[in-house]
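A.B. asks: Taking our numbering, I'd label the letters of the sequence shown as residues 3 to 317. All C-beta atoms in this analysis are idealised placements derived from N, C-alpha and C, irrespective of residue type, glycine included.
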Amino acid sequence: MKFSLEDPFTGLDNKNNLKLYDFHVHIFTTWYFKEFIDACRSYNITDIVGITSPKVKTKLEKKNLQENITFCYFLSQLDFVRFKTNKLIKSVTQAKENNFKLLKIFFGPRLWKLSRRKSYYRINDKRLCPVYSKIQDEGLPVLIHVADPDIWYEKRYANVNKYGTKEDRISDFIDLMQEYPDITWISAHLGSLPENLPKLSEMLDNHKNLFVDTGSTKWMIRELGKKVDETSDWIKKYKDRIMWGSDINNLQLSDRKFFWYSRFWSHRLFWETSNRADLAFKDSDNPDGTKINGLNLPHDVLSKIYYENTQNLVN
């Protein structure tokens with residue numbers, strides 16, 4: 003089985019029986035937005051959580067393109083790594099006043115380069131406490147990127163003094179959840195732990211304010227597809243705590259249709275069928291080529307992770 007734009011629904015037997023709410027979409031601009039929405043609708047993605055800025059949100063609203071978008075305010079990465087506490091607090095206030103329903107915080111190790119420091123910074127640094135307190139007071143859920151794929155720590159982040167370890171990042175996040183139990187945390191990319199579901203189980207069991215999304219196509223399919231039965235059982239157990247998301251964006255300057263359609267197809271084939279196929283695009287982290295090993299999740303589970311859980315969270 004192979005993806006083709008000539009037949010973008012290959013292998014999707016029940017494509018019309020489920021609607022989807024994409025919890026993780028980056029809206030960088032209004033460019034190509036109508037084309038992007040057409041791609042979403044083609045795969046029955048009826049609603050999205052749009053991660054964006056107030057400026058782009060305003061432009062979308064002026065063009066009457068805001069329908070079926072739940073807006074998520076992307077807090078400045080630079081303000082975090084440089085501990086611009088007052089600016090961040092103002093941004094949280096702005097998010098609340100401008101009807102953003104969620105906040106996004108990015109704490110990937112890549113931010114070390116922006117921090118201009120000799121050692122990695124910590125997401126639970128005490129200097130950031132006023133920001134988290136403000137978020138908790140405003141009652142805004144937080145979509146947070148805590149860490150990156152295991153394989154990146156073996157290669158890109160091998161310098162522990164610069165980047166810390168993945169275990170450090172996860173531990174700091176656990177401390178943060180304990181310190182701010184009234185914040186609803188949605189940890190992106192399956193908690194950054196698709197390689198370690200037992201650890202993620204422990205976190206979900208111990209922190210009832212924690213949810214996860216499935217953002218990323220390559221990372222999720224590569225790691226979760228290695229143990230299909232284990233992954234399927236795990237998802238069934240935590241089906242009320244998982245939001246489906248693609249981590250896709252609308253700013254593609256070339257091959258836009260292939261980029262969007264191939265990723266949506268890969269996601270749907272993976273979650274809802276038992277089909278086996280080559281990933282429709284290159285996975286630079288896997289030179290041998292990543293395979294889609296479908297999980298074939300039951301309809302009631304798909305309904306929850308595809309739509310109901312996100313709807314319940316944002317409404």
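(1) On the DSSP bridge assignment, give the partners of LYS279 in chain order.
(2) Mind the definition here: the region 255-265 touches the region 230-237 only if three or more C-beta pairs lie below 8 Å; say whether that holds.
(3) Decide if the region 92-108 is in contact with the region 142-160; the criterion is three or more beta carbon pairs, one per stretch, under 8 Å apart.
(4) Helix, strand or coil for ASP302 per DSSP?
(5) To which residues of the same chain is GLU225 closer than 7 Å at the C-beta, ignoring the five residues directly before and after it?
(6) State buried or exposed for THR275, treating a residue as buried only when at least 16 other CB atoms are found within 10 Å of its CB.
(7) Would you list, in sequence order, the uninterrupted beta strand (DSSP E) runs of no fewer than 3 residues that lie entirely inside the region 116-177?
(8) Output the boundary residues of the beta strand (DSSP E) element that contains SER189.
(9) Identify every run of the alpha helix (DSSP H) within the region 45-95, keeping only runs that are complete inside it and at least 4 residues long; order them along the chain.
(10) Rounded to whole angstroms, what's the CA-CA distance from LEU20 to THR87? Just pull it up for me.
(11) Is GLY247 buried or exposed, if buried means 16 or more other CB atoms sit within 10 Å of its CB?
(12) Compute the distance between the beta-carbons of LYS59 and PHE73, then report whether it is under 7 Å.
(13) Please check the pair LEU281 and ILE294, which I expect to be a contact at CB under 8 Å, by giving their CB distance rounded to whole angstroms.
(14) From the DSSP secondary-structure annotation, give me the bridge partner or partners of LYS106.
(15) Per the contact definition of three or more C-beta pairs closer than 8 Å, is the region 295-311 in contact with the region 21-28?
(16) Figure out for me which residue from LEU206, ASN277 and ASP170 has the closest Cα to the Cα of TRP187.
(17) To the nearest angstrom, report how far apart VAL133 and TYR182 are at their CA atoms.
(18) Just how far apart, CA to CA, sit THR95 and PRO111?
(19) Suppose you measure from the CA of ASP152 to the CA of PHE272; what does that come to, to the nearest Å?
C.D. replies: Let me spell this out:
(1) As a first step, residue 279 must be located in the sequence shown, where it is residue number 277. Residue 279 is actually Ala in this sequence, not Lys. ILE294.
(2) With a cut-off of 8 Å, the region 230-237 and the region 255-265 do not count as touching, because too few Cβ pairs lie within range.
(3) Between the region 92-108 and the region 142-160, the count of Cβ pairs shorter than 8 Å is three or higher; the stretches touch.
(4) Within the sequence shown, the letter at position 300 stands for residue 302. Helix at ASP302.
(5) The sequence position of residue 225 within the sequence shown is 223, counting from 1. Spatial neighbours of GLU225 in its own chain (CB-CB distance under 7 Å, excluding positions within 5 residues in sequence) are listed in chain order as PRO196 and GLU197.
(6) Residue 275 sits at position 273 when you count from the first residue of the sequence shown. Buried.
(7) List check, beta strand (DSSP E) in window: 144-147.
(8) As a working mapping, residue 189 is identified with position 187 in the sequence shown. Looking at the DSSP string, the run of the beta strand (DSSP E) that includes SER189 is 187-189.
(9) Complete alpha helix (DSSP H) runs here, min 4: 56-64 and 79-83.
(10) Numbered from its first residue, the sequence shown carries residue 20 at position 18. Numbered from its first residue, the sequence shown carries residue 87 at position 85. Each residue's alpha carbon lies about 43 Å from the other.
(11) In the sequence shown, the residue the question calls residue 247 occupies position 245. By the neighbour-count rule (16 or more Cβ atoms within 10 Å), GLY247 is buried.
(12) Locating residue 59 in the sequence shown gives position 57, where the first residue counts as 1. Locating residue 73 in the sequence shown gives position 71, where the first residue counts as 1. It is a contact, given that the beta carbons lie within the stated cut-off.
(13) Counted from its first residue, the sequence shown places residue 281 at position 279. Counted from its first residue, the sequence shown places residue 294 at position 292. Indeed, because the Cβ distance is near 6 Å, the residues count as touching under 8 Å.
(14) Along the sequence shown, one-based indexing puts residue 106 at 104. LYS106 pairs with PHE76 and LEU145.
(15) Contact between the region 21-28 and the region 295-311 is present, because at least three Cβ pairs lie under 8 Å.
(16) Indexing the sequence shown from 1 puts residue 187 at position 185. For the residues LEU206, ASN277 and ASP170, the minimum Cα distance to TRP187 belongs to LEU206.
(17) Residue numbering aside, residue 133 sits at position 131 when the sequence shown is read from its first letter. Residue numbering aside, residue 182 sits at position 180 when the sequence shown is read from its first letter. The alpha-carbon separation between VAL133 and TYR182 amounts to approximately 11 Å.
(18) Sequence index remark: in the sequence shown, residue 95 carries index 93 (1-based). Sequence index remark: in the sequence shown, residue 111 carries index 109 (1-based). When only Cα atoms are considered, THR95 and PRO111 end up about 27 Å apart.
(19) In the sequence shown, residue 152 corresponds to position 150, counting from 1. In the sequence shown, residue 272 corresponds to position 270, counting from 1. Each residue's Cα considered, the two are about 21 Å apart.
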